[in-house]
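Student: Sequential numbering of the sequence shown, starting at 695, is according to our numbering. Glycine residues also receive a C-beta, built at the ideal position from the N, C-alpha and C atoms. Here you go, one structure.
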Amino acid sequence: MPIIVQKFGGTSVATPEKIAAAARKAIRAQQLGNQVVVVVSAMGANTDILIDLAHQVNEEPPAREMDMLLSTGEQVSVALMAMAIHKFGHKAVSLTGAQIGIKTDSSYSKARIKTISTDRLKKLLDDGNIVIAAGFQGVDDDFNITTLGRGGSDTTAVALAAVLKADACEIYTDVDGVYTTDPRLLPEARQMNQISYDEMLELASIGAGVMHNRSIEFAKKFDVPICVRSSFSDAPGSMIVAEPESMSVGVCGAALTRDEASVTILGVSDKPGSSYEIFKRLADRKITVDMIIQNIGEADKADISFTVPSGELKETLRAVKEAAKIVGASDVTHDDAVAKVSVVGVGMAKQTGVAEKMFQAIAKAGINIQMISTSEIKISVLVARSEGPAALRAVHQAFHLDTKPADANVWDVNAHRARTTRSISEIIESLRTVNMEQLTLVDISMTADQARITLSGVPDAPGLASNIFNTVAAAGIFVDMIVQSCDGVPGETSISFTVPEAQLDHCMEVLKKMKVQFGKVSGSNEIAKLSVSGIGLRSHTSVGIGMFEALAAAGINVQMINTSELRVNVVVDGKDGQRGLEALQRKFADSLV
Ligand code: ADP
Ligand code: ASP
Ligand code: MG
695 MPIIVQKFGG
705 TSVATPEKIA
715 AAARKAIRAQ
725 QLGNQVVVVV
735 SAMGANTDIL
745 IDLAHQVNEE
755 PPAREMDMLL
765 STGEQVSVAL
775 MAMAIHKFGH
785 KAVSLTGAQI
795 GIKTDSSYSK
805 ARIKTISTDR
815 LKKLLDDGNI
825 VIAAGFQGVD
835 DDFNITTLGR
845 GGSDTTAVAL
855 AAVLKADACE
865 IYTDVDGVYT
875 TDPRLLPEAR
885 QMNQISYDEM
895 LELASIGAGV
905 MHNRSIEFAK
915 KFDVPICVRS
925 SFSDAPGSMI
935 VAEPESMSVG
945 VCGAALTRDE
955 ASVTILGVSD
965 KPGSSYEIFK
975 RLADRKITVD
985 MIIQNIGEAD
995 KADISFTVPS
1005 GELKETLRAV
1015 KEAAKIVGAS
1025 DVTHDDAVAK
1035 VSVVGVGMAK
1045 QTGVAEKMFQ
1055 AIAKAGINIQ
1065 MISTSEIKIS
1075 VLVARSEGPA
1085 ALRAVHQAFH
1095 LDTKPADANV
1105 WDVNAHRART
1115 TRSISEIIES
1125 LRTVNMEQLT
1135 LVDISMTADQ
1145 ARITLSGVPD
1155 APGLASNIFN
1165 TVAAAGIFVD
1175 MIVQSCDGVP
1185 GETSISFTVP
1195 EAQLDHCMEV
1205 LKKMKVQFGK
1215 VSGSNEIAKL
1225 SVSGIGLRSH
1235 TSVGIGMFEA
1245 LAAAGINVQM
1255 INTSELRVNV
1265 VVDGKDGQRG
1275 LEALQRKFAD
1285 SLV
């Protein structure tokens, strides 16, 4: 009999009436001949209320007790949902994460699922029950209750669908599906019929809260098709699948991360191992670092900037101050009033001018870009928090995301398939029973055909990036990685980017002719780009940190880094390329499939 997993989010079970409506959807699915597992979240804002309560009792509640507390929200919902189904005359059994046998590691509030036993679930389903599973929770080897992170019920649902080899995983929520951006922020956002795992994963991890990012890692690894749809209507929703029937060229969606903070560490000794000293302290604390940017140092000093979620700033500064002494930093600055605006699209790498279009849209809105970080599937910029929504709107308009792309705008899905789905089916069987969220890498490689250009001491003003990349694009130069960050000097910024080696001289000429006054323009074609590819590379903070560690141990300095869910790329000196590649191959040998 087909198996369906249905997940109902907080708003979808916020009142007894809504619980009854969700119960009816589950019963209908069973009546259509399916075995049904229902995953539920805590009612309404209950998780927030519990967090608030905890902080009233203790400002820094112990992590274990916090998970114990938060898991009760879902326990209330499962019991009520089972009662509602009984009231309609059908059989239902509610289960906590521990009762199902969802085994996780012990990282409270961010636990990762290791294994899920299906025996009890299958028996209950075979006995004709609708099984109601508590989302967001599991249990570690010592039977401590753990939670998976905010929004984690999506991950419970997709993980259950994966182990049960379910035919469908339906995510019922308070919007009609996945939109080009949050429809609550921009009413002109358009609902998508289909979106690829890669794009959804990237969007989810940069602010599209409609899906928990780790749920999409599961979906991609175990090939679970997901349908995101409304709890309150029968509208068809949006499908998240490996390969949508058509993928638009360029950008498919945009997102805003409002609660971001930036940190800059000034005057770091520019030698192998400095970044590792800093980032290992953040990785140990499981802090997700984004937009890591290292300015090419002068006088053997470099400035390192990065962003973290604002809620983790305090802990981040604690960690950074520890490291600052060791790496000889002269100062640490931070800004807690920034927001990150990003655009995502798997076809982006094949197109020129995407970054330039984004910078231009933001410049036209009169908004200053503080930091830039690009990757093959995403471009992120950091702006003042108060300007975040206006920047999002400008970008959404510039890429015409409110209108459906024409069919002509479709690119070769097969090429994408070849690039992303290598051996996924082999991974699946081995991981299902061992460690479901284990790091999964598919490739480690090196390219040496790129050159780096660095502009430092550039006066920081709206339109700067637009001006530079407009000119470079107009000269027919193909720009790959771009990073911009604040300089140590107020009002100044540095921009580094890579171009094909053959275009280096031409690009240098073009830049020197530009009216903008750069403190210094330098270029090098002696660089190598090392890339590690896999699934969920940003949530697995160990990848970036492992790269820093392996390269530092080999005495290799990292000049640039960029990260996406698909890949982490670092630029190193060309002479270190081959040795760097070998160091990474050794480091990640166990995670490669
Ligand atoms: P649930 O409680 O059902 O899990 P969430 O609040 O976690 O619901 O997720 C749904 C919300 O996600 C929507 O109300 C919407 O505001 C927000 N959202 C953010 N980005 C997007 C997007 N790209 N598409 C759809 N919804 C989005
Ligand atoms: N109740 C949890 C939260 O609010 C999990 C979830 O809703 O997915 O984050
Ligand atoms: Mg959610």
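(1) Measuring CB atoms only, is the region 1145 to 1153 touching the region 1015 to 1026, in the sense that at least three cross pairs come out at less than 8 Å?
(2) Just to confirm before moving on: does the CB-CB distance between A851 and V1038 stay below 8 Å?
(3) Alpha carbon to alpha carbon, how far is C921 from I779? Give it in angstroms, no decimals.
(4) Leaving out the 5 sequence neighbours to the left and right, which residues in its chain are closer than 7 Å to L763 when beta-carbon positions are compared?
(5) Should T1097 be labelled buried (16 or more other beta-carbon atoms within 10 Å of its own) or exposed?
(6) Quick check for students: name the residue ranges of the beta strand (DSSP E) that lie wholly in the region 770 to 835, counting only runs of 3 or more.
(7) Starting from the Cα of R806, find the closest Cα among D813, V983, M777 and R844 and give me that residue.
(8) So what's D917 in DSSP terms, helix, strand or just coil?
(9) Looking only at its chain, what residues have a beta carbon closer than 6 Å to the beta carbon of I699, apart from the 5 residues adjacent to it on each side?
(10) How big is the Cα-Cα spacing for L1205 and P1194?
(11) Note down, in chain order, each residue of its chain lying with its Cβ closer than 7 Å to the Cβ of H1234, except the 5 sequence neighbours on either side.
(12) Evaluate F837 with the Cβ neighbour count: other Cβ atoms within 10 Å of its Cβ, from every protein chain shown; 16 or more gives buried, anything less gives exposed.
(13) Could you check the C-alpha separation between E1081 and T1001 for me, to the nearest Å?
(14) What's the C-alpha gap between A757 and N1256?
(15) In three-state terms, what does DSSP make of S1233?
(16) For Q1279 and A736, I'd like the C-alpha separation in whole angstroms.
(17) Of the residues M1241, S927, A913 and Q1054, which one's Cα is nearest the Cα of A977?
(18) Is V872 near the ligand ADP, going by C-beta to nearest heavy atom under 7 Å?
(19) Can you tell me which residues form a DSSP beta bridge with V1252?
(20) Could you name the residues that DSSP lists as bridge partners for Q700?
(21) State buried or exposed for F782, treating a residue as buried only when at least 16 other CB atoms are found within 10 Å of its CB.
(22) Here's the rule I'm using: 16 or more other beta-carbon atoms within 10 Å means buried, otherwise exposed. How should R1079 be labelled?
(23) Smallest Cα separation from P930: which of D1174, T867, S1190 and P1099?
(24) Label D684 either buried or exposed according to how many other C-beta atoms from any shown protein chain fall within 10 Å of its C-beta, with 16 as the threshold for buried.
(25) Does DSSP put R844 in a helix, a strand or coil?
(26) Give me the Cα-Cα distance between D1174 and S1069, rounded to the nearest whole angstrom.
(27) Tell me, please, which residues DSSP counts as bridged to T1027.
(28) Which word fits A723, buried or exposed, when buried means at least 16 other C-beta atoms lie within 10 angstroms of its C-beta?
(29) So what does DSSP say about V1040, is it helix, strand or coil?
(30) Does the Cβ of H906 have 16 or more other Cβ atoms within 10 Å, making it buried, or fewer, making it exposed?
(31) When DSSP labels each residue in this structure, what does P966 get in the three-state scheme?
(32) Measuring CA to CA, which of M760, V857 and T741 is closest to K797?
(33) Under 8 Å between the Cβ atoms of V935 and Q888?
(34) What did DSSP end up calling I1162 once you bin it into helix, strand or coil?
(35) With DSSP as the reference, label G901 as helix, strand or coil.
(36) Taking buried to mean at least 16 other C-beta atoms within 10 Å of its own C-beta, is T1114 buried or exposed?
Tutor: Based on what the coordinates show:
(1) no
(2) Result no, Cβ atoms of A851 and V1038 do not sit closer than 8 Å.
(3) 23 Å
(4) L744 and A748
(5) When all chains shown are included, T1097 counts as exposed.
(6) With a minimum length of 3 residues, the continuous beta strand (DSSP E) runs that stay inside the region 770 to 835 are 786 to 789, 796 to 798, 807 to 810, 824 to 828 and 831 to 833.
(7) When each option's Cα is compared against that of R806, the closest is R844.
(8) coil
(9) The sequence as given places Val at residue 699; Ile does not occur at that position. Correct list, in chain order: V731, A851, L854, A855, A860 and C863.
(10) 15 Å
(11) L1133, listed in sequence order.
(12) exposed
(13) 17 Å
(14) 31 Å
(15) coil
(16) 43 Å
(17) M1241
(18) yes
(19) V1266
(20) V732 and E864
(21) exposed
(22) buried
(23) Per the C-alpha coordinates, the member of D1174, T867, S1190 and P1099 positioned closest to P930 is T867.
(24) Outside the shown range of the chain (695 to 1287) lies residue 684, about which nothing can therefore be said.
(25) coil
(26) 8 Å
(27) T958
(28) buried
(29) The three-state reading of DSSP puts V1040 in coil, since its state is none of H, G, I, E or B.
(30) buried
(31) coil
(32) V857
(33) yes
(34) Per DSSP, reduced to three states, the secondary structure at I1162 is helical.
(35) coil
(36) The predicted position of T1114 is uncertain, since its pLDDT is 42 and thus under 50; no value can be drawn from it.
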